[in-house]
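The C-terminal residue of the sequence shown carries number 366 in UniProt numbering, and the numbering is unbroken. Ideal Cβ placement from N, Cα and C applies to all residues, glycine included. If you're wondering where the values come from, they're calculated on a predicted model, not measured in any experiment.
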Amino acid sequence: MACRIKEWLRSLSLKEIICSLIVFLSLALFLILTFWSEHKIAGLIDQQAAVRWDEDGGSAQVSCFFAERTEVEEYTILSYEKVLEQSLKEVLSAEEVSGEGGKRLFIDAYSSLGTITAVSEKGKLEANAVGIGGDFFLFHPLQLVSGGYFSGNDLMKDSIILDEDAAWQLFGSNDIAGKSVMIGDVPHFVAGVVKRQEGRFAKRAGLDKTVLYVSNESLAAYGECEGISVYEIAAPNPVKHFVYNNVKEKLGIKEEDMVVVENSSRYSVEALIPVLLDFGTRSMQNSAVKFPYWENIGRGWEDVKAVVLLLQILFLLIPGGIITVFLIIRWRNRTWTYKDILNTFIDTKEKMIRRAKGEKNKWEHF
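The following block contains the structure:
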């Protein structure tokens with residue numbers, strides 16, 4: 001076998017060797033880009049809520065980002081939850097609606113962006129803040145250094161989560177779960193300390209500074225914010241884009257006042273083609289939408305994936321073109337005709353018939 005391979009390699013011309021190397025390198029680069037990009041996307045925890053919520057893959061994650069002038073109240077969210085629940089009951093079976101082990105039909109969260117001042121015995125800190133409501137930390141499972149999360153559905157709205165920088169500035173330690181800080185004149189208790197995401201995209205997206213996480217009510221009452229600016233949901237997706245279309249049509253917000261993203265499919269080939277076509281004009285926004293840091297990171301990786309897709313297409317076209325040219329040359333220089341193929345087929349058929357008859361005669365004399 002090895003000798004045959006050596007003989008075959010020696011029979012190749014310099015041009016054929018170069019073309020073979022180009023084909024091999026192109027396919028290798030295609031695979032490397034594919035595995036690298038898929039690994040990076042899988043690490044975007046803020047884009048994977050539907051996968052964590054529904055391991056069977058039948059759910060979709062959708063995010064809405066509202067323009068600054070848009071008024072979105074908690075009542076708006078509560079009203080839409082009932083609308084979505086009814087919509088899902090109309091298309092899902094009774095077993096799917098009830099869920100296994102009391103599992104909820106869907107999860108959702110809302111948040112606001114702003115600034116807030118926290119005071120401890122050791123210092124005072126004014127920082128960017130995210131006011132959360134609903135299941136925020138199911139969508140954004142930040143890496144905990146100590147303590148735990150709190151829920152936007154908790155009866156008491158006096159919890160706070162600090163990042164490591166804030167913990168050291170306010171307490172000189174990151175093991176501070178249960179300690180309190182003053183926000184306004186109200187004590188808030190530290191639920192946990194988280195590690196900020198790192199990397200070039202994270203820093204450019206707004207994570208180069210301290211971020212605090214409090215309830216939406218606390219940020220509205222004691223900080224500065226423009227109200228609810230983000231709504232996120234993960235729900236069963238019985239047909240393609242069901243949740244996406246339901247949110248756009250039934251949330252009750254005008255389409256020009258919000259940007260809706262289907263996180264679950266945003267990195268698919270189908271979704272990336274428009275990103276490629278809009279390359280260069282995509283960052284031009286007519287609506288006054290301020291994206292949170294996690295969406296800025298997600299959009300940054302959309303651009304990267306779009307470039308990767310372009311390179312993947314190129315690395316498939318190169319070997320495809322070379323192989324096509326090779327086949328055309330072989331076709332033009334062929335030494336056989338259709339008649340030869342027909343004769344070969346007939347000969348093969350006759351041999352099979354004779355072999356079958358021989359087997360039959362053998363068993364008759366047995």
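Can you give me the start and stop residues for the alpha helix (DSSP H) that Asp278 sits inside?
-> Per DSSP, Asp278 belongs to no alpha helix (DSSP H) and is neither H nor E.
According to the neighbour-count rule (16 or more other Cβ atoms, all chains shown, within 10 Å of its Cβ), is Ile329 buried or exposed?
-> exposed
If you draw a straight line from the alpha carbon of Tyr222 to that of Gly184, how long is it in whole angstroms?
-> 6 Å
Minimum C-alpha distance to Thr210 - residue among Phe136, Lys254, Gly114 = Gly114
Return the residue from the list Asp165, Leu155, Ser111 that minimises the CA-CA distance to Phe136.
-> Ser111
Between which two residues does the alpha helix (DSSP H) carrying Leu105 extend?
-> Segment: none, Leu105 is in no alpha helix (DSSP H) and carries neither H nor E.
Classification of Arg200 by the beta-carbon crowding that lies within 10 angstroms, buried from 16 upward | exposed
Going by other Cβ atoms of all chains shown within 10 Å of its Cβ, with 16 needed for buried, is Asn263 buried or exposed?
-> buried
Enumerate in chain order the residues of its own chain whose CB-to-CB distance from Gly178 is below 7 Å, with the five nearest sequence positions on each side excluded.
-> Phe189, Val190
Residues near His140 in its chain [Cβ-Cβ closer than 6 Å; skip 5 each side] | Asp46
Following the continuous beta strand (DSSP E) through Lys124, name the residue where it begins and the one where it ends.
-> 124-134
Tell me whether the beta-carbon of Ala234 lies closer than 7 Å to the beta-carbon of Ala49.
-> yes
Collapsed DSSP secondary structure at residue 377 in the structure displayed = In this structure the chain extends from 1 to 366, so residue 377 is not present and cannot be described.
Interface flag, Ala129 vs chain D, CB-CB below 7 Å | Among the protein chains of the structure shown there is no chain D, as only one such chain exists.
Status (buried if at least 16 other CB within 10 Å, exposed otherwise) for Leu14 | exposed
Where Tyr244 sits in the DSSP three-state scheme | helix
Selected residue, minimal CA-CA separation from Glu121, among Val23, Leu212, Ile176, Asn333 = Ile176
CA-CA distance, Phe279 and Met156?
-> 46 Å
Hey, would you say Val243 sits closer than 7 Å to Ser63, going by beta carbons?
-> no
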